[in-house]
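Trainee:
Protein chains in written order, with this note's numbering: chain A, 982 to 1561; chain B, 982 to 1561.
So, in structure tokens, the structure goes:
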């Protein structure tokens, strides 16, 4: 029982049936066809030779099938992680060198080990500190950078850069050398892929193709573009006219590679590996959870960390680069009927066959077509509308998202996501350091108490109640003191101050000292301090201090009890429903 | 009116009266007598020549008198800031060199500018992020380090070090060279000062000296020790027997000094200057607030930043080093009747006279006596009892305090306070990421709802209410989803889930998306999601999103209303007071 928790394959493998095999195989065939051009394209994006993309789509899929808990997740190279790989490795070595490939393999290894450690120590909750606005802003900005970085392949010009600024200035310098044949191939495939994405499905459904099948056909559009463009290169001898093609890709099984353990390299890559791990995990786990929810299944996020860790370690041992669960391919896998992780293992077999036998076929594949595949894939990631929604809903969320987008575009992916996380934490801390606090009164005709500024409630000049809408801790302890003293100054007749605490989830030592100071100071002016609606866990803790002995007033279970005890007449009048 | 806010002297200066002059002068004389040995001692602690201590007690006091808002605060060199100065400057230059003095002056300048900027931009709230446990732990550990660092002067041996480990190993190597005459002088003055501190006041009160006067006399004990030890050195020619004395101290006005603006030096000192600024501000403002509260006065923390900034800049221009408001001397100032900041200016005049005329008198003052003064002063800072209180009250507060103490002692003051601040923030974030959430039921005979596990309350199988005791934000959004799904699994009969939100102080975009996911998922199993007791500001924000349109259930003003509407029978029964 316990072992199957760490090796989910023992669980689903034991109950594997023939019907499942059929649907898993079908799904695997479709995903394989979809994954071949994607793998080649993302290897290009990561700055690696095309075969690295195929290699990264074999062993990692098998590792995930053994350790993963999602039935539909398809792992492999994905756009954002490939971009982050290019950014991290590009700072260390030049594309095409052995150092570059070694660094990529090492990055996958480090990222795998980090994920495994997070899984073993059950640190999956750390991913919760990446807020939605930060993730969404980061992915939008990454999509823009990726699309921009592929433009040079569409134009057939040299160039580079990891930020929008670098890419734009590089393009500006080389755009005059545009190769018209490359541009023609690139633009045509871009147009075709965009049509397949948005126009083909309605068209197929109009001719009564079932929706699911139509959806799947649109996902294999890139394969059609690949085949057609290879035909065009051969027919018109475009290679001789300057259209860059993939060229020779080694035929055979993935090589056995070893990461470098050189201390300097590891130090340079460690921070990037951490970011890639966390971003990859968040992306993968949210896809897996979405798909699991559709079938009322659950995934285990900590075990997902182990599975992704194993996938990355296996990528590093077989000539790959960092991988994670991809959104589009997982949805295709799910829609095509994948019933168990075995579908992933079958997909791996499909890619293995491709690597072993099909690579000569892609010699003439134009790089512009791969670039077009990438551009169309990442355009769906870009969602500037989220920025508008965030602006409407919360300025803090908007600020975090806008900062993440701006810094990712201008400074780089790692700086962008780091600043986003730090900013969202700082904004949260700032918000809790200036809590909302309301003076409350009794809602006529009931025992309920609400804000005097928002509701027609009944108050007493003798008994003033302040509801503090935040846990009391060091950052707002001083603020609480100021607020209470101000309240006393505004209500010279008050003889009782009640702190109503339904929203106080804990009181730390700093705040306890502030409460003691408030109690002493109020007592010296003959005002009693009371508490009401103190929660159980908070009360337990207060009982372990001396505060309750020193408290000049009492602790009441409910605010109504407190009000009724300290000013019975007003409370009775309010209960009777008198409007003030 | 506005100008006097930034120059409080315009306010109190205009209304200055003769009676006030008398009490200010009395206080100034007493504080001057107390401050002379203290200034010399803290200069020694900071690694500077004794006159630097006198200089740091002249111009800064005048600057504070002009800009400060506290009537009793006495600024000047203090123990913890002097220790931090020694730690920061000691990494850059050797004690006694010109570079050391320049670095100290530059540190004061940087710290002054930082404080001024914080004041101008009203960033005083940043100090709130230093929790009590961190400050208290840091001051305890600093006290231990300071006392340990002075032992070598009591023994008359060479040595150094900025951490307890360094100091101990340095002492271990030199303790065999102890000078018996120095030890005799040091031990005698230590014993005398300890007696003055704890035994003299009761003795004086026994012979009917008024309590306040007795308190003040005990504070000038160090002056008696200074005078007596100078006499002893002269009488027994202790200088020739190896007792280190202060030696020649330049006689005259403070010099005009300029900080260095060398980029490298500024970069090296900047982080230290920030820490010194914040720690100095927290120490000073808490003394000022305590004393102001006793007289029902208020201080303005942001103006205090400006005043401390001006004090430090003026210290840097007159051969001083970083200063702040000191606890002991401010209490003496207050008890001696200081009525306005003019007392500080008069104290400055007193120290100026001492620097101009009295320095030849302290030629023969043994350094061991200054060390004894420091040790006795800092022993009152050490409070390991706080560690026990924190342990009893809250493990998180204890962890922050223990880590601060341990790292300050072993690694250093700057690391200690930094780790303490970061750890307390991380623990806070961790706590809010796993909020307390309770299933609640109706307290019989009323409209109040409490935790089913703590109170005898009435519940309904049909309507399950979860009270989430935390604001909903990105770090706990996923946790909330898990908790609700678990609740649904545990209550198969439930048709309504109410999220009771009195403790939810805001809902950010990430949490909003989780709520939408919960709503959709519950709706697909025919369970309605309701909210109750949503606060005004939270409701305002929800209205700006599409969540309320999609919500399958309703939003109720009070939890009782919700329960009564969804399961009227049970609610009525509960209201009637039936025990379950």
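In this text, a Cβ means the ideal position worked out from N, Cα and C, and glycines have one as well.
Look at residue 1021 of chain B and residue 1227 of chain B and say whether their C-beta atoms are less than 8 Å apart.
Mentor: Yes, the Cβ-Cβ distance between residue 1021 of chain B and residue 1227 of chain B is below 8 Å.
Trainee: For residue 1477 of chain B, list the residues DSSP reports as bridge partners.
Mentor: Answer is B/1444 and B/1509.
Trainee: Can you confirm whether residue 1557 of chain B, when its beta carbon is compared against all beta carbons of chain A, has any partner nearer than 8 Å?
Mentor: So, not an interface residue.
Trainee: Could you check whether the stretch 1378 to 1394 of chain B touches the stretch 1114 to 1126 of chain B, counting it as contact only if at least three pairs of C-beta atoms, one from each stretch, sit closer than 8 Å?
Mentor: Flag = yes, the stretch 1378 to 1394 of chain B and the stretch 1114 to 1126 of chain B touch.
Trainee: What does residue 1423 of chain A pair with, by DSSP beta-bridge criteria?
Mentor: A/1430 and A/1439, per the DSSP bridge assignment.
Trainee: Does the CB of residue 1274 of chain B have a neighbour CB from chain A at under 8 Å?
Mentor: Yes, contact with chain A.
Trainee: Count the C-beta pairs between the stretch 1437 to 1454 of chain B and the stretch 1492 to 1508 of chain B that are closer than 8 Å, then say yes if the count reaches three, no if not.
Mentor: The stretch 1437 to 1454 of chain B vs the stretch 1492 to 1508 of chain B: in contact.
Trainee: Can you tell me whether residue 1431 of chain A is buried or exposed? The criterion is at least 16 other CB atoms within 10 Å of its CB, across all chains shown.
Mentor: By the 10 Å Cβ count, residue 1431 of chain A comes out buried.
Trainee: Compute the Euclidean distance between the alpha carbons of residue 1092 of chain B and residue 1060 of chain A, then round it to the nearest angstrom.
Mentor: Their Cα atoms are separated by approximately 47 Å.
Trainee: Thinking C-alpha only, which one of B/1110, B/1072, B/1104 and B/1267 is nearest residue 1400 of chain B?
Mentor: Minimum Cα distance to residue 1400 of chain B is reached at B/1110.
Trainee: Residue 1476 of chain B to residue 1444 of chain B, Cα distance in whole Å?
Mentor: C-alpha separation (whole angstroms): 6 Å.
Trainee: Would residue 1605 of chain B pass as a contact of residue 1137 of chain B if the rule is Cβ separation under 8 Å?
Mentor: With chain B represented from 982 up to 1561, any question about residue 1605 of chain B goes unanswered, as that position is not in the structure.
Trainee: Excluding sequence positions up to five away, which residues of its chain have a Cβ less than 8 Å from the Cβ of residue 1167 of chain A?
Mentor: Counting only Cβ-Cβ distances below 8 Å, and skipping sequence neighbours, we find 1134, 1135, 1136, 1137, 1347, 1349, 1350, 1352 and 1353.
Trainee: I'd like the list of long-range same chain contacts for residue 1316 of chain A, defined as Cβ closer than 8 Å, with 5 residues on each side in sequence excluded.
Mentor: The residues are 1193, 1196 and 1197.
Trainee: Express the C-alpha separation of residue 1485 of chain B and residue 1417 of chain A in angstroms, rounding to a whole number.
Mentor: Cα-Cα distance, rounded: 11 Å.
Trainee: Is it a yes or a no for the stretch 1037 to 1055 of chain A touching the stretch 1322 to 1329 of chain A, going by three-plus beta-carbon pairs under 8 Å?
Mentor: With the cut-off at 8 Å, the stretch 1037 to 1055 of chain A and the stretch 1322 to 1329 of chain A touch.
Trainee: Residues in the same chain with beta-carbon distance under 7 Å from residue 984 of chain B, minus the five sequence neighbours each way, listed in chain order, please.
Mentor: Once the five neighbours on either side are set aside, the close Cβ partners of residue 984 of chain B are 991.
Trainee: Pull up the CB-CB distance for residue 1099 of chain B and residue 1107 of chain B, whole angstroms please, since I reckon it's below 8 Å.
Mentor: Yes, residue 1099 of chain B and residue 1107 of chain B are in contact; Cβ-Cβ is about 7 Å, under 8 Å.
Trainee: Quick check: what's the CA-CA separation for residue 1225 of chain B versus residue 1392 of chain A?
Mentor: Rounded to whole angstroms, residue 1225 of chain B to residue 1392 of chain A spans 58 Å at the Cα level.
Trainee: Using the Cβ count rule (16 or more neighbours within 10 Å means buried), how would you classify residue 1516 of chain B?
Mentor: The residue is buried, with at least 16 neighbouring Cβ atoms inside 10 Å.
Trainee: For residue 1625 of chain A versus residue 1211 of chain A, is the C-beta distance shorter than 8 Å?
Mentor: The structure shown has nothing for residue 1625 of chain A, since chain A only spans 982 to 1561.
Trainee: Can you check whether the C-beta of residue 1518 of chain B is within less than 8 Å of a C-beta belonging to chain A?
Mentor: True, the Cβ-Cβ gap to chain A drops below 8 Å.
Trainee: Return helix, strand or coil for residue 1306 of chain B, following the three-state DSSP convention.
Mentor: Strand at residue 1306 of chain B.
Trainee: Please check if any C-beta of chain A sits within less than 8 Å of the C-beta of residue 1450 of chain B.
Mentor: Yes, residue 1450 of chain B lies at the interface with chain A (some Cβ there is under 8 Å from its Cβ).
Trainee: Mind pulling the chain B residues with CB within less than 9 Å of residue 1464 of chain A?
Mentor: Going along chain B, no residue has its Cβ under 9 Å from residue 1464 of chain A, so there is no contact; the nearest lies around 13 Å.
Trainee: Could you tell me the alpha carbon to alpha carbon distance between residue 1560 of chain A and residue 1448 of chain A, rounded to whole angstroms?
Mentor: Interpretation of residue 1560 of chain A is limited by its pLDDT of 49, a score under 50 that renders its predicted location unreliable; the figure taken from the coordinates is listed afterwards. Cα to Cα, residue 1560 of chain A sits roughly 21 Å from residue 1448 of chain A.
Trainee: Is the Cβ-Cβ distance between residue 1396 of chain B and residue 1250 of chain B less than 8 Å?
Mentor: No, the Cβ-Cβ distance between residue 1396 of chain B and residue 1250 of chain B is not below 8 Å.
Trainee: Does DSSP classify residue 1118 of chain A as helix, strand or coil?
Mentor: Helix, per DSSP.
Trainee: Going by DSSP, what residues sit across from residue 1030 of chain B in a beta bridge?
Mentor: Answer by DSSP bridge pairing: none, since residue 1030 of chain B is not bridged.
Trainee: Specify the secondary structure class of residue 1393 of chain A as computed by DSSP and reduced to three states.
Mentor: Three-state DSSP puts residue 1393 of chain A in coil, outside helix and strand.
Trainee: Of all Cβ atoms in chain B, is any one closer than 8 Å to the Cβ of residue 1051 of chain A?
Mentor: No, its Cβ sits nowhere closer than 8 Å to a Cβ of chain B.
Trainee: Output needed in chain order: residues of the stretch 1527 to 1538 of chain B with a Cβ under 8 Å from some Cβ in chain A.
Mentor: Going along the stretch 1527 to 1538 of chain B in chain order, one finds 1538 with a Cβ nearer than 8 Å to chain A.
Trainee: Please compile the residues from chain B whose C-beta is within a distance smaller than 7 Å of the C-beta of residue 1030 of chain A.
Mentor: Correct list: empty, because the minimum Cβ distance to chain B is about 39 Å.
Trainee: The alpha helix (DSSP H) spanning residue 1462 of chain A covers which residue range?
Mentor: Element bounds for residue 1462 of chain A: 1455 to 1471.
Trainee: Candidates B/1053, B/1036 and B/1128: which alpha carbon is nearest residue 1238 of chain B's?
Mentor: Comparing Cα positions, the closest option is B/1036.
Trainee: If we define contact as Cβ-Cβ less than 8 Å, is residue 1455 of chain A a contact residue for chain B?
Mentor: True, the Cβ-Cβ gap to chain B drops below 8 Å.
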